[in-house]
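Participant:
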Amino acid sequence: MATPTDLLTAPPERADIVCSELRESANGVHLLETGWGLVLRYDDVADLLRRPTIFSSERFADSPGAIHDASDPLQRRYVEVFGEVMLFQDPPVHTRLRGLVKRTFSPTATSRMREAVERVTDEILSGFAPDQEIDLVTDFADILPAWVISDILGVPMADRSRFRDWSTGFSAPLDPTCQGDERTAAIHDGAALIEYLEELIESRRSAPGDDLVSLLVSAEEEGDRLTGDELAGMIALLLVAGNETTMNLLTGGTQLLFDHPDQRELLASDPALIDSAIEEMLRFDPPFRWIGRVMREDYEVGGTALHAGQWVFVSLTGANRDPRHFDDPDRFDITRQPNRHLTFGSGIHYCLGAPLARLEARVALPQLLGRFPNLRPGASGPRCQPQFSVRAYESLPVRL
Ligand code: HEM
Numbered sequence: 007m008a009t010p011t012d013l014l015t016a017p018p019e020r021a022d023i024v025c026s027e028l029r030e031s032a033n034g035v036h037l038l039e040t041g042w043g044l045v046l047r048y049d050d051v052a053d054l055l056r057r058p059t060i061f062s063s064e065r066f067a068d069s070p071g072a073i074h075d076a077s078d079p080l081q082r083r084y085v086e087v088f089g090e091v092m093l094f095q096d097p098p099v100h101t102r103l104r105g106l107v108k109r110t111f112s113p114t115a116t117s118r119m120r121e122a123v124e125r126v127t128d129e130i131l132s133g134f135a136p137d138q139e140i141d142l143v144t145d146f147a148d149i150l151p152a153w154v155i156s157d158i159l160g161v162p163m164a165d166r167s168r169f170r171d172w173s174t175g176f177s178a179p180l181d182p183t184c185q186g187d188e189r190t191a192a193i194h195d196g197a198a199l200i201e202y203l204e205e206l207i208e209s210r211r212s213a214p215g216d217d218l219v220s221l222l223v224s225a226e227e228e229g230d231r232l233t234g235d236e237l238a239g240m241i242a243l244l245l246v247a248g249n250e251t252t253m254n255l256l257t258g259g260t261q262l263l264f265d266h267p268d269q270r271e272l273l274a275s276d277p278a279l280i281d282s283a284i285e286e287m288l289r290f291d292p293p294f295r296w297i298g299r300v301m302r303e304d305y306e307v308g309g310t311a312l313h314a315g316q317w318v319f320v321s322l323t324g325a326n327r328d329p330r331h332f333d334d335p336d337r338f339d340i341t342r343q344p345n346r347h348l349t350f351g352s353g354i355h356y357c358l359g360a361p362l363a364r365l366e367a368r369v370a371l372p373q374l375l376g377r378f379p380n381l382r383p384g385a386s387g388p389r390c391q392p393q394f395s396v397r398a399y400e401s402l403p404v405r406l
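Start counting at 1 in the sequence shown, then tack on 6, and there's your number in our numbering.
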């Protein structure tokens, strides 16, 4: 039987099994030696995410991201802007920030982004030939979401490659393993991104276009607008939040089709199944595995008392494979209905970019499979990054 510590040490291929075993013992609530609480059952995860007054998102100050050298103005700037993004806020600050941007990412607004997604996908795939071996991570899935969001935001083509590195700089310091010179360099990259965004925002203020930065600059609700820092933080968040996650959906989804040839055949014979196939990919292999919260009040979950000040992590894998909610949950079934997975979270922080992530997968996966019907695993196998909270492929060689 798995122990909570196994979660930190298990190889990626065992992570799902460890989660299942922990979910089925101790009512699905465990404590790590660090004092962190772990919650793995669907109903508890959903309940907890919908109680922001008890389970707070104001966790940046206690996260590895906040550790910096305050004598370095660039590091101060990074913390000042990133610490204020809505992902790390509770109501009423979160309500205000989300209210100002939610219209720009509504399903209707997102459907207008389809043309950009199709163009970028076509641009990347046109560079490949049948039977060529590529790395689906570095040659496709890592580039696509970054280019799409750059295109939507109106980042000039010439700046896109720098923009991609800077965005990694923005998120890398949140990982506790990013230390020393690597950490300083990443934070400096994050600060360079902020500086770049400030210039971009200024240029759109004086000459608005039909891009997302211009829309965000003019977004207004009841006379309220985003300040300069809030705008830079919001744009950086959109850039970072959607990159690695969507990359993992595209790579993880492809690998699932390799692992389940019957489901791949079914999808090829009935392409209309693409929407439910994507939902099943999201359920079965969530790109984001754990969501963290800090407790503001004592609260009991599954008979275990959790206390104010404690960190709690909810397991999206645990919830998405909970047999109390899904029939035969360990079966990958692209026709599954209903499929109310929690991969995009729940409650007030529900993923703002979910319609865009779905759209990107809906365009990119059929294009990839349609253009290269012989798509198959490459000479060497996939490699995953050993990360706790994010499911990340480092490499996925494929033959087209
Ligand atoms: C498959 C891809 C994606 C997954 C699995 C995913 C997952 C999530 C999850 C679980 C949350 C909730 C975090 C929490 O409760 O603390 C979240 C929030 C968020 N996501 Fe995504 N995401 C994806 C793609 C995107 C994209 C493409 C964008 C934007 C371009 C985006 C922007 C955001 C933002 C801005 C938030 C914060 C919302 C808030 O605090 O109110 N995400 N995402």
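Built from N, CA and C at the ideal position, the CB exists for glycine as well.
Can you tell me where the beta strand (DSSP E) holding residue 297 begins and where it ends?
Facilitator: In the sequence shown, residue 297 corresponds to position 291, counting from 1. 296–301 is the span of the beta strand (DSSP E), which, as asked, contains residue 297.
Participant: Of the choices 370, 318, 176, 332, whose alpha-carbon is the least far from that of residue 40?
Facilitator: Walking along the sequence shown from the start, residue 40 turns up at place 34. Checked all of 370, 318, 176, 332; the closest Cα to residue 40 is 318.
Participant: Give a yes or no on whether the C-beta atoms belonging to residue 143 and residue 400 are separated by under 8 Å.
Facilitator: Here residue 143 is taken as the residue at index 137 of the sequence shown, counted from 1. Here residue 400 is taken as the residue at index 394 of the sequence shown, counted from 1. In contact: residue 143 and residue 400 (Cβ atoms closer than 8 Å).
Participant: What residue from 388, 397, 383 has the CA that sits closest to residue 137's CA?
Facilitator: Indexing the sequence shown from 1 puts residue 137 at position 131. Nearest C-alpha to residue 137: 383.
Participant: In angstroms, rounded to a whole number, what distance separates the CA positions of residue 130 and residue 30?
Facilitator: Within the sequence shown, numbered from 1, the residue matching residue 130 stands at position 124. Within the sequence shown, numbered from 1, the residue matching residue 30 stands at position 24. Answer to the nearest angstrom: the Cα atoms are 44 Å apart.
Participant: In angstroms with no decimal places, state the Cα-to-Cα distance between residue 313 and residue 305.
Facilitator: As a working note, residue 313 is residue 307 in the sequence shown. As a working note, residue 305 is residue 299 in the sequence shown. Between residue 313 and residue 305, the C-alpha separation is close to 6 Å.
Participant: Quick one, are the C-beta atoms of residue 227 and residue 105 less than 8 Å apart?
Facilitator: As a first step, residue 227 must be located in the sequence shown, where it is residue number 221. As a first step, residue 105 must be located in the sequence shown, where it is residue number 99. Contact flag set, yes.
Participant: Is it a yes or a no for the stretch 328–342 touching the stretch 79–91, going by three-plus beta-carbon pairs under 8 Å?
Facilitator: The stretch 328–342, when compared against the stretch 79–91, does not touch it at the 8 Å Cβ threshold.
Participant: Please specify which runs of the alpha helix (DSSP H), each continuous and at least 4 residues long, are wholly inside the stretch 180–244, giving them in chain order.
Facilitator: As far as the stretch 180–244 is concerned, its whole alpha helix (DSSP H) runs of at least 4 residues are 186–212, 218–224.
Participant: Run through the stretch 319–379 for me and flag every whole alpha helix (DSSP H) of 4 or more residues, listed as ranges in chain order.
Facilitator: Whole alpha helix (DSSP H) segments, 4+ residues: 322–326, 360–377.
Participant: Measuring straight from C-alpha to C-alpha, what distance separates residue 271 and residue 361?
Facilitator: Mapped onto the sequence shown, residue 271 falls at position 265. Mapped onto the sequence shown, residue 361 falls at position 355. Approximately 26 Å, taken between the alpha carbons.
Participant: When we look at the beta-carbon of residue 47 and count the other beta-carbons within 10 Å, is it buried (16 or more) or exposed?
Facilitator: By 1-based counting over the sequence shown, the position of residue 47 is 41. Per the 10 Å Cβ criterion, buried.
Participant: Which class does residue 91 belong to by DSSP, given the choice of helix, strand or coil?
Facilitator: Here residue 91 refers to the residue found at position 85 of the sequence shown. In this structure, residue 91 counts as coil in the three-state DSSP scheme.
Participant: In three-state DSSP terms, what is residue 310?
Facilitator: Your numbering for residue 310 matches position 304 in the sequence shown. Residue 310: strand per DSSP, three-state reduction.
Participant: What is the DSSP secondary structure of residue 317, reduced to helix, strand or coil?
Facilitator: Within the sequence shown, the letter at position 311 stands for residue 317. Of the three classes helix, strand and coil, the one that applies to residue 317 here is strand, per DSSP.
Participant: For residue 158, report the span of its alpha helix (DSSP H) as first-last.
Facilitator: Taking the sequence shown and counting its residues from 1, one reaches residue 158 at position 152. From DSSP, the alpha helix (DSSP H) with residue 158 extends over 150–159.
Participant: Got a sec? Which residues, its chain only, sit under 8 Å from residue 308 by beta carbon, not counting five neighbours each side?
Facilitator: The count along the sequence shown starts at 1 and reaches residue 308 at position 302. 32, 33, 34, 35, 45, 47, 50.
Participant: Check whether the stretch 189–198 touches the stretch 170–178, counting contact only when three or more Cβ pairs, one atom from each stretch, lie closer than 8 Å.
Facilitator: Yes, since at least three Cβ pairs between the stretch 189–198 and the stretch 170–178 fall closer than 8 Å, the two stretches touch.
Participant: On the three-pair Cβ rule with 8 Å, is the stretch 371–387 touching the stretch 113–122?
Facilitator: With a cut-off of 8 Å, the stretch 113–122 and the stretch 371–387 do not count as touching, because too few Cβ pairs lie within range.
Participant: Does the distance between the C-beta of residue 294 and the nearest non-hydrogen atom of ligand 1 fall short of 7 Å?
Facilitator: Numbered from its first residue, the sequence shown carries residue 294 at position 288. Residue 294 Cβ: within cutoff of ligand 1.
Participant: Which residues share a DSSP beta bridge with residue 24?
Facilitator: Counted from its first residue, the sequence shown places residue 24 at position 18. None; residue 24 has no bridge partner.
Participant: According to DSSP, is residue 64 part of a helix, a strand, or is it coil?
Facilitator: Against the sequence shown, residue 64 aligns to sequence position 58. Coil.
Participant: Whose C-beta lies closer than 8 Å to the C-beta of residue 285 among residues of the same chain, with five residues either side of it excluded?
Facilitator: If you number the sequence shown from 1, residue 285 lands on position 279. The answer, listed in chain order, is 342, 345, 347.
Participant: Taking only three categories from DSSP, how would you classify residue 400?
Facilitator: Here residue 400 is taken as the residue at index 394 of the sequence shown, counted from 1. Strand, per DSSP.
Participant: Taking the CB atoms as reference points, tell me whether residue 69 and residue 96 lie closer together than 8 Å.
Facilitator: Here residue 69 refers to the residue found at position 63 when the sequence shown is read from its first residue. Here residue 96 refers to the residue found at position 90 when the sequence shown is read from its first residue. Contact flag unset, no.
Participant: What number of angstroms, rounded off, separates the C-alpha of residue 13 from the C-alpha of residue 229?
Facilitator: The residue labelled residue 13 in the question sits at position 7 within the sequence shown. The residue labelled residue 229 in the question sits at position 223 within the sequence shown. So the alpha carbons of these two residues sit roughly 48 Å apart.
Participant: So for residue 73, helix, strand or coil by DSSP?
Facilitator: If you number the sequence shown from 1, residue 73 lands on position 67. It is coil, neither helix nor strand.
Participant: How should residue 11 be labelled, buried or exposed, when 16 other C-beta atoms within 10 angstroms of its C-beta is the threshold for buried?
Facilitator: Within the sequence shown, the letter at position 5 stands for residue 11. Classification for residue 11: exposed.
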